[in-house]
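Under our numbering, the first residue of the sequence shown is numbered 360, with each subsequent residue one higher. The beta-carbon is built from N, C-alpha and C at its ideal position, and this holds for glycine as well. Bear in mind the structure is a predicted one, so any value in this text is a computation, not a measurement. Notes follow once the structure below has been shown.
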Amino acid sequence: MSVERKRQSIENLRKIHEESLILNPTENIPFYSDVNLDFLEGMYISEEVRDENSKVIFAGRGNLNDLYDVWCKYMNAKAVTFKPHSGLDAHISVFMSLGQIGEKILLLPEEAGGHFSTHKILTRLGFDVRFFITDNEQYKVDISRSMTLIENWKPDYIFVDRSEGLYYEDFSWLKDVPCVKVFDASQYLANIMAQDYSNPFDMGFDIILTSLHKNYPGPQKAAIFFHQEDDLWQRIMKGLSAYISNIHPKDICNLILSLPSESILKSYSREMLSTTRLLEEALLQYRLPVVKRNFNNTWTQHLWLQPESKKKTYQVFRLLEELHILTNYRLLPYGLGYGLRLGTAAAIRQGLEDTSVPALAEVISKAYYANVIDDVLRKTASDVIAAIKKV
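Below you can see the structure in the form of structure tokens.
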């Protein structure tokens with residue numbers, strides 16, 4: 360393919376992006392700094408202290424650790440590193456640093472919304488892995504049965520890695536369990552920072568892992584927050600220095616410089632949750648097969664549609680895609696089968712507000728009941744998306 364055709368392909372991708380509404384909870388539109396950081400592109404920076412005992416030092420640069428204080432304050436953490444390049448990269452590097460082959464990890468299963476890659480990663484690293492017991496009727500962990508398993512099995516580590524779920528669960532019942540506890544906040548980070556969700560450290564977790572480009576609008580990086588600067592922190596930081604050599608400073612500087620104010624973050628978090636609730640209620644009014652939840656519980660921005668068949672689910676996914684409404688087609692947890700996963704985090708960044716939810720719900724419902732997309736519906740969807748994005 361010629362350079363010109365490659366450029367044209369990229370321009371086509373850009374055009375689709377500009378015309379689309381991102382309506383899934385795993386992508387976001389980053390906050391960007393207005394500072395030109397191009398000089399950092401390709402620069403090699405580690406997080407190790409520079410002294411005569413260092414194995415490798417590159418001249419003309421320093422560390423960025425002194426810029427991390429605000430992030431620690433938001434998360435009530437004593438230390439943080441942004442070394443990992445993605446959420447799964449954080450999983451791999453942390454548990455390679457943390458544990459030994461044969462040690463026991465209690466893990467949230469994929470059936471309960473755990474990430475579909477985590478079990479494979481941990482077993483490949485040599486851990487003995489068992490799962491929390493789930494309550495498929497309530498879409499939650501079965502606390503009583505899981506606690507019995509913990510008392511009998513005595514895990515060395517507990518890892519709550521939820522990539523999918525309708526509720527933000529309270530795991531404070533784990534607080535007195537005598538093991539290292541790790542929480543992945545990738546789907547909840549902005550809500551935790553805004554204090555709309557309980558901080559996992561207050562639930563007794565020792566480490567918070569998170570990607571920075573899903574629930575929070577940051578670059579494609581990950582972070583590891585530590586409740587204490589203790590032996591656990593030292594063990595992981597020592598391991599990370601062996602497994603991840605460069606912190607990718609341009610992304611980190613952009614992340615630090617573009618951190619929004621507390622008021623902006625609170626507004627973002629609450630709009631994310633309010634639009635999700637309004638969208639669920641609106642879709643139910645159109646008799647769409649929404650997996651209903653109890654809003655007396657702490658709800659997430661995730662919203663599930665469960666059509667009557669796998670074929671119908673895929674058809675609706677493709678019809679919405681044709682209208683430039685981008686959702687997730689996936690196998691839902693709790694034995695629900697295939698469905699569509701929606702979320703409003705990126706849509707908020709694109710301009711979605713409470714007042715624009717009814718028109719969006721109407722377009723989604725028309726696509727659901729249609730077999731093909733006609734010009735009238737295509738024009739309606741385009742107008743709704745343009746109004747949301749104010750273009």
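Assigned with DSSP and collapsed to three states, Asn687 falls in strand. Counting C-beta pairs closer than 8 Å gives three or more between the segment 694 to 701 and the segment 666 to 675, which meets the contact rule.
Annotation: Phe490 is outside any alpha helix (DSSP H); the continuous beta strand (DSSP E) that includes it extends over Asp487 to Phe490. Three or more Cβ pairs closer than 8 Å define a contact, and the segment 437 to 447 meets that threshold against the segment 599 to 609. Beta-bridge partners of Val415 (DSSP): none assigned.
Fully enclosed beta strand (DSSP E) runs of no fewer than 3 residues occupy 487 to 490, 516 to 519, 539 to 543 and 566 to 570 of the segment 485 to 572, in order along the chain. In the structure shown, Thr703 falls within a coil segment according to DSSP collapsed to helix, strand and coil. When the beta-carbon positions are compared, Asp543 and Lys580 stay at least 7 Å from each other. Per DSSP, the continuous beta strand (DSSP E) segment holding Ile464 begins and ends at Lys463 to Leu466. Cβ contact annotation for Phe560 (same chain, cutoff 6 Å, sequence separation greater than five): Asn435 and His586, in chain order. Under the Cβ criterion (8 Å, minimum of three pairs), the segment 526 to 534 does not count as touching the segment 473 to 493. Put simply, the backbone Cα of Phe490 is about 14 Å away from that of Val541.
Contact between the segment 651 to 661 and the segment 612 to 621 is not established, with fewer than three Cβ pairs separated by less than 8 Å.
Runs of alpha helix (DSSP H) with 4 or more residues, each lying fully within the segment 424 to 454, are found at 428 to 434, listed in chain order.
A residue is called buried once 16 or more other Cβ atoms fall within 10 Å of its Cβ, and Leu481 is buried on that count. In the three-state reduction of the DSSP assignment, Ala746 falls in the helix class. Per DSSP, reduced to three states, the secondary structure at Tyr403 is coil, with no helix or strand assignment. Rounded to whole angstroms, Ile566 and Asp589 show a C-alpha spacing of 12 Å.
Counting C-beta pairs closer than 8 Å gives three or more between the segment 500 to 517 and the segment 454 to 470, which meets the contact rule.
Under DSSP, the beta-bridge partners assigned to Leu380 are Ile684.
Inter-segment contact for the segment 626 to 639 and the segment 711 to 719 is present: three or more beta-carbon pairs are separated by less than 8 Å. The continuous stretches of beta strand (DSSP E) do not include Trp658, and DSSP gives it neither H nor E. Excluding five sequence positions before and after Ser392, the CB atoms of its chain that fall closer than 7 Å to its own CB belong to Asn613, Leu616 and Ser617, given in chain order. From the listed residues Val539, Asp494, Asn574 and Gln546, the smallest Cα separation to Phe564 is found for Val539.
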